Amino acid sequence: MATPVTGLSTPFDRLKDGLCEVLNSIKSAGSFAAVGKLGQTTLKPIAVKDVGPVEYPLAEPMARQLIGKARQAPFGKGNKTIVDTSVRNTWELDASQLDLSPEWDPVIKTVCRWAAQQLGITEPISAELYKMLIYEKGAMFKAHTDSEKAPGMFGTLVICLPSEHQGGDLVLKHRDVTKVFKTSEAQPSISCWFSDVSHEVLPVISGIRWVLTYNLVMRDPVQTPCAALNPSYHESLKTALQAWAGSPGSGQNGQQPDHLYYLMDHTYTEANFSLNKLKGSDLARMRCLKDVCDELDLSLFFGVLQKEEQGSCEDDYDRYGYKRGYYDDDSDDWHEFEEVFETDIFIKKLITTEGRAVRTGMEITMRELEEKLVQRGRDPFEKAERGEADYSGFTGNEGVSAMHWYRKTVAVIIPNSLVDMFLTKSITNEEAQKLLPEYLSKCSDSAIREQGIQMVRHLAELAWSPVRDGMSTPFHYCGPKIAVEVVIKVAHAALRYHEYDLFNKIVEWLKNQVGPWMFSIIKEVAAEDLTLDFTQIKASLRANLTIRSVSDRMSFLAALSPSDGETPNVPIQDWIANEVMLDAEQACLGPRVTANDGKAIVDMIKEYRDLDHIKNGELSSVIEQQAKLVPFSLSALLQILQFAKQEVFDKAATLEFCKPLLASVLNNLDASTLITKEGAEAEYAASKPHGSDRFNWHQMNQHARSRPDQAREKFITPDLLSGCLARCIEAGWDDLAMRFCLKIAAKADSIPPVEFHHLWVPFVRQLITTLDEANVPLSTPRYQQLACSILEAYLDKYVGREPTGAVDYSGQGPVSCTCGDCCSLNSFLASGERTWSFSAVKKRREHVERYIAPGLGCTYRTESRGSPYTLIVTKNIDSGAKAKKDWTARFAEAWDAFTKFDESKLKLLLGADWEKITSMRHLRLSPTAQMARPMPVREQEVGGGGGSQSALDGYIVATNLNKRKAEEELARARFR
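With UniProt numbering as the guide, the letters of the sequence shown map in order to residues 1 to 976.
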């Protein structure tokens with residue numbers, strides 16, 4: 001054993017040094033009982049008074065003679081000695097009746113030395129002949145312990161003499177350990193045990209069991225040996241552990257540890273490992289330690305400790321295939337590492353002292369092991385059993401690697417109150433969540449609530465803390481997979497028992513995985529518990545809200561707000577109205593606010609403030625500053641106007657407030673930049689470059705960064721656009737309605753093609769409804785111009801003109817790689833050539849092959865002639881035929897879109913351009929083709945309602961203004 005490190009004097013160090021000194025002083029110990037075999041030549045002559053010499057093995061006639069001189073053996077019961085064959089049924093002869101040859105003396109001395117060694121006694125002992133016992137068929141002796149029959153007696157020695165028999169097994173028990181000696185199978189044999197060991201002779205089935213019994217004696221002992229703990233060690237161990245057992249787990253860095261490790265001398269197999277199977281000093285130490293732990297409310301476990309190292313090592317063979325000329329003790333089974341890549345330490349198996357496994361694969365760190373190891377300053381794996389696995393050998397392209405393992409056995413000492421916490425070390429997130437309900441149930445019992453809360457806090461950290469997953473940057477942390485129902489129970493318990501720190505930690509750990517349900521819990525507990533201190537948790541809630549969009553914040557606060565008829569919680573409502581609202585308004589100044597955020601911030605102000613706050617507070621300034629973010633600002637203004645329409649806000653004041661802000665927003669309206677979420681998703685799906693999913697990670701990352709939600713501040717809906725126009729018409733803002741129409745018409749030719757079906761065609765459909773509801777004629781020039789501009793751009797930019805369908809193999813690809821070989825491939829893909837020959841070495845050919853993904857529309861083969869071989873790439877897709885097919889699909893899609901309009905109303909809206917737009921004949925190669933016919937007009941009176949038009953209508957005099965003219969008209973309208 002290593003000498004404890006000196007020079008440090010922390011309480012932790014003194015604890016370990018004292019415990020180490022006591023345990024190391026317990027050098028060896030035997031078992032409470034032992035059995036051994038004697039050789040036949042060891043036996044010496046025996047004579048019995050009035051019978052004479054007895055020969056070996058014992059014959060039946062001689063046995064009858066001996067029984068004739070024997071008496072029924074009695075046993076002690078209380079202070080009496082009685083004969084009861086139902087308890088003890090055997091014959092005995094006294095030592096005075098026996099005459100053993102002097103040749104027995106050296107045999108007995110040898111047997112005594114063996115017995116002392118087996119029982120762990122270092123002082124000299126002697127054996128005094130006591131009885132000869134004869135067990136015939138049916139004889140037995142029920143379980144009992146021996147009384148002291150001579151001064152200094154501490155145990156019993158039995159020599160089982162040769163006599164054929166079956167049964168009569170000797171069963172010995174001490175504490176929870178049982179040993180069975182089958183004397184019928186080994187004759188002659190010897191056995192010994194301490195006097196305080198319970199022992200029993202089972203019934204003899206047949207034959208005669210014949211034994212000599214001796215009293216084991218130690219003259220003038222300081223303490224009579226017994227199977228129980230040696231008191232001197234007991235007190236020393238108790239003193240070493242007592243202070244720690246009273247206040248464990250108070251921390252590290254010199255303070256008290258929550259558990260300790262002690263390295264044993266021997267290494268044991270996992271399948272054969274328990275207290276009674278320990279060897280030598282390990283057995284003595286652990287017996288002593290077990291008894292002291294039981295007294296001090298500590299628990300003792302045993303563990304198979306293993307360290308695994310992954311590393312590189314030198315190959316057994318040189319580059320010529322010859323085995324290298326050196327070797328070590330392990331020869332081919334061990335290869336020294338040149339470099340260690342990775343080291344893992346874990347308790348491979350943790351068992352109770354009875355041998356029951358309670359954990360496997362428990363990861364620990366080297367720092368923890370060294371800090372909590374009783375043998376300070378010692379390498380935990382010094383002289384450990386070792387082995388090698390996963391030796392790769394030479395593979396031709398990668399280095400040689402292997403895994404080395406080192407194994408030791410440890411005792412683990414843990415305070416009973418911390419056992420559960422220790423056993424759950426390094427469990428998975430899912431395992432921790434499954435255990436939480438069990439410990440939550442303990443919190444309802446006030447007697448064990450503190451321990452239950454401690455375990456809940458521990459398990460919650462294992463389940464949800466990002467630190468254990470190695471995440472140091474919270475912005476990149478998505479969190480573990482959570483069981484919401486478990487989180488709800490834990491959060492509810494934390495608030496109910498005023499464990500505010502635990503609640504705040506949960507909110508911090510889960511971050512964006514926290515849902516509105518968390519706020520519902522607060523509302524529920526606050527209603528039940530008037531002593532709940534909301535000030536203790538509002539900081540963590542505020543921090544959690546600030547990582548969310550403004551629209552999400554509204555849904556969270558709705559869960560916290562009182563329902564109709566409920567009494568508001570004043571501290572909570574004040575917190576929302578002041579701190580939370582201030583955060584939300586400031587958040588609206590960010591570059592990524594969306595249309596949903598615009599509506600949500602107005603909803604929040606309506607709920608917690610009033611219109612004056614909108615006019616005089618931050619929001620008016622926010623809308624003005626964010627006018628370029630049209631979806632956000634437009635959504636906010638439309639929601640304000642909606643509340644005015646519902647008479648929640650004063651209508652006149654609202655219109656006066658909103659008009660200049662809406663004018664500013666419309667000045668920034670640009671149809672070419674407006675997109676929908678659906679359109680962005682379609683673009684994203686179509687933008688994935690060939691080969692990037694397998695080989696070009698840079699391109700893949702770029703593609704991931706362009707995912708649809710990265711442009712969410714641009715997302716708009718047809719409802720928002722039509723709503724804007726509707727509010728302008730309702731308010732009588734003809735100038736703003738005209739500006740709206742001109743701004744869209746001016747950029748119609750630049751609308752992204754993917755957005756026509758998602759945004760603009762639906763908007764035109766809603767335009768008809770908007771004008772009808774406002775009693776505005778569909779034939780109004782400005783709206784005719786608006787609709788025609790959008791639908792003509794739709795046909796021109798999305799549907800396009802019918803292709804010829806001629807054979808064409810150009811325009812395919814490109815692949816994402818930019819190396820020289822892939823650039824040559826891209827040139828081929830863009831050309832009209834159908835085949836490409838690429839002669840190159842295998843490595844370059846295989847690189848190109850990787851990028852010819854199925855979606856590229858090409859096949860390839862290798863022509864194995866010449867040097868180097870040639871890769872032949874063939875295009876399978878006729879671009880001309882594909883273009884024709886794709887156009888036909890778009891044409892049919894547009895035809896279907898027009899059929900969904902009310903035909904008569906669409907004719908009024910499109911005016912003179914109705915036939916051209918709806919027939920799409922001008923898109924065909926042959927304008928007289930019969931594939932498309934104009935939509936029929938129903939023979940009915942159609943009209944768009946009445947209403948006067950402003951003088952601005954005169955600025956739109958044609959139904960097919962080009963982009964330049966629209967911009968000129970818009971500029972003129974601004975200065976009127």
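All C-beta atoms, glycine included, are put in the ideal place defined by N, C-alpha and C. Keep in mind the model is a prediction, meaning the values are calculated, not measured.
Task: Neighbour-count burial assignment, E499, 16 or more Cβ in a 10 Å radius - done: Looking at its Cβ environment, which holds 16 or more other Cβ atoms inside 10 Å, E499 is buried.
Open item on the list: Please report the straight-line C-alpha distance between Y794 and A787, rounded to a whole angstrom.
Closed with: Straight-line Cα distance between these residues: approximately 10 Å.
Open item on the list: Less than 8 Å between the C-beta atoms of S184 and H165, yes or no?
Closed with: Yes, the Cβ-Cβ distance between S184 and H165 is below 8 Å.
- [ ] Identify every run of the alpha helix (DSSP H) within the region 7-69, keeping only runs that are complete inside it and at least 4 residues long; order them along the chain.
- [x] Unbroken alpha helix (DSSP H) stretches of 4 residues or longer found wholly inside the region 7-69: 11-25, 60-69, given in chain order.
- [ ] Determine the extent of the alpha helix (DSSP H) in which S401 is found, giving its start and end residues.
- [x] Segment 401-415 is the beta strand (DSSP E) holding S401; no alpha helix (DSSP H) there.
Open item on the list: So, with DSSP's three-state summary, where would you put D84?
Closed with: Three-state DSSP puts D84 in coil, outside helix and strand.
TODO: Starting from C858, follow the beta strand (DSSP E) in both directions and report where the run begins and ends.
DONE: Run containing C858: 858-863, per the beta strand (DSSP E) assignment.
Task: Where Q242 falls, given that 16 or more other Cβ within 10 Å makes a residue buried - done: It counts as exposed.
Task: Where V177 sits in the DSSP three-state scheme - done: Here V177 sits in strand by DSSP.
Task: Bridge partners - T654, DSSP secondary structure assignment - done: Answer by DSSP bridge pairing: none, since T654 is not bridged.
Task: Inter-residue spacing [alpha-carbon to alpha-carbon] between K372 and F302 - done: Between the alpha carbons of K372 and F302 lies a distance of about 15 Å.
TODO: Kindly confirm or deny that the region 413-431 and the region 292-307 touch, where touching means at least three C-beta pairs closer than 8 Å.
DONE: Flag = yes, the region 413-431 and the region 292-307 touch.
TODO: Return yes when the Cβ of D169 is within less than 8 Å of the Cβ of L216, no when it is not.
DONE: Not a contact, by the Cβ cut-off of 8 Å.
Task: Contact under 8 Å by Cβ, P516 with A559 - done: When the beta-carbon positions are compared, P516 and A559 come within less than 8 Å of each other.
Task: Residues that DSSP places opposite R924 in a beta bridge - done: None, per the DSSP bridge assignment.
TODO: Please state if the CB of F715 and the CB of T862 are separated by a distance shorter than 8 Å.
DONE: In this structure, T862 keeps its C-beta atom at 8 Å or more from the C-beta atom of F715.
Task: Integer-rounded CB distance, given that L767 should sit under 8 Å from Y783 - done: Right, the Cβ-Cβ distance comes to about 7 Å (below 8 Å), so this counts as a contact.
TODO: Check whether the Cβ atoms of G590 and A636 sit closer than 8 Å, and answer yes or no.
DONE: No.
Task: Beta-bridge partners of R359, as assigned by DSSP - done: In DSSP, R359 forms a bridge with L350.
- [ ] Could you give the DSSP three-state label for Y262: helix, strand or coil?
- [x] Secondary structure at Y262: strand, using DSSP grouped into helix, strand and coil.
Open item on the list: Taking only three categories from DSSP, how would you classify L952?
Closed with: Residue confidence for L952 is low, a pLDDT of 35 falling below 50, so the modelled location carries little weight; the figure read from the coordinates is stated next. Correct three-state label for L952: helix.
Open item on the list: Using only the alpha-carbon positions, how far apart do L23 and L237 sit?
Closed with: The alpha-carbon separation between L23 and L237 amounts to approximately 8 Å.
Task: Identity of the residue in A671, E647, S779 nearest R739 by Cα - done: Among A671, E647, S779, the Cα nearest to that of R739 belongs to A671.
TODO: Examine the Cβ distances between the region 419-428 and the region 263-271 and report whether three or more of them are shorter than 8 Å.
DONE: With a cut-off of 8 Å, the region 263-271 and the region 419-428 do not count as touching, because too few Cβ pairs lie within range.
- [ ] Output the distance between the C-alpha atoms of L910 and A653, rounded to the nearest integer angstrom.
- [x] Going from the Cα of L910 to the Cα of A653 covers about 37 Å.
TODO: Spatial neighbours of G155 within its chain, please: CB distance less than 7 Å, with the 5 preceding and 5 following residues excluded, ordered by chain position.
DONE: Beyond the five residues adjoining it in sequence on each side, G155 comes within less than 7 Å, by CB distance, of L119, C192, W193, F194, S195, L216 in the same chain, given in chain order.
TODO: Take the Cβ of P868 as the centre, count every other Cβ of all protein chains shown within 10 Å, and call the residue buried at 16 or more, exposed below.
DONE: Exposed: under 16 other Cβ atoms inside 10 Å.
Task: Whole-angstrom distance between D749 and K797, CA atom to CA atom - done: Near 7 Å, if we compare the C-alpha coordinates of D749 and K797.
Task: Buried/exposed call for P257, threshold 16 Cβ in 10 Å - done: Counting other Cβ atoms within 10 Å of its Cβ, P257 reaches 16 or more and is therefore classed as buried.
Open item on the list: Classify S948: buried if its beta carbon has 16 or more other beta carbons within 10 angstroms, exposed otherwise.
Closed with: Because S948 carries a pLDDT of 37, less than 50, the predicted location of this residue cannot be relied on, and no value is offered for it.
- [ ] In angstroms with no decimal places, state the Cα-to-Cα distance between T81 and P437.
- [x] Approximately 59 Å between the Cα atoms of the pair.
Open item on the list: Quick check on V197: does DSSP put it in helix, strand or coil?
Closed with: V197 carries a coil assignment under DSSP once its states are collapsed to helix, strand and coil.
Task: Simplified DSSP state of W733, which is helix, strand or coil - done: In the displayed model, W733 falls within coil according to three-state DSSP, outside both helix and strand.
Task: Beta-carbon gap between E802 and R890 smaller than 8 Å - done: The answer is no: Cβ separation not under 8 Å.
TODO: Would you please verify whether the beta carbon of A746 is less than 8 Å from any beta carbon of chain D?
DONE: The question asks about chain D, but that chain is absent: this structure has only one protein chain.
- [ ] Tell me residue 981's beta-bridge partners as DSSP assigns them.
- [x] It is not possible to answer for residue 981, since the shown part of the chain is limited to 1 through 976.
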